[in-house]
Amino acid sequence: YIRTTDVTGQITAFTADDGSAVEMVMPGDRIKMTGELICPVAMENGMRFA
Numbered sequence: 001y002i003r004t005t006d007v008t009g010q011i012t013a014f015t016a017d018d019g020s021a022v023e024m025v026m027p028g029d030r031i032k033m034t035g036e037l038i039c040p041v042a043m044e045n046g047m048r049f050a
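Numbering of the sequence shown is given in this note's numbering, commencing with residue 1 and proceeding in unit increments.
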């Protein structure tokens with residue numbers, strides 16, 4: 001969810017803070033996630049995503 005928006009998407013990659021690829025993510029892990037949403041959504045850098 002992005003604030004009150006509910007949009008379907010696909011996660012394409014997880015990356016660790018050091019730049020290495022991550023295959024599995026556990027609660028509390030700090031990662032960078034790359035994904036693609038099925039339709040455009042107005043977002044700005046730094047907005048939270050859950």
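Glycine included, each C-beta is placed from N, C-alpha and C at the ideal position.
{"Query": "Within a Cβ cutoff of 7 Å, which residues of the same chain sit near I38, ignoring the five residues on either side of it in sequence?", "Result": "V7, T8 and G9"}
{"Query": "E36 by DSSP, collapsed to three states: which one?", "Result": "strand"}
{"Query": "To the nearest angstrom, how far is it from the Cα of K32 to the Cα of D17?", "Result": "7 Å"}
{"Query": "T5 and G35 look like a contact to me (Cβ under 8 Å); what is the Cβ gap, rounded to whole Å?", "Result": "About 14 Å separates the two Cβ atoms, so there is no contact after all."}
{"Query": "Using DSSP bridges, identify the partner residues of G46.", "Result": "According to DSSP, G46 bridges with nothing at all."}
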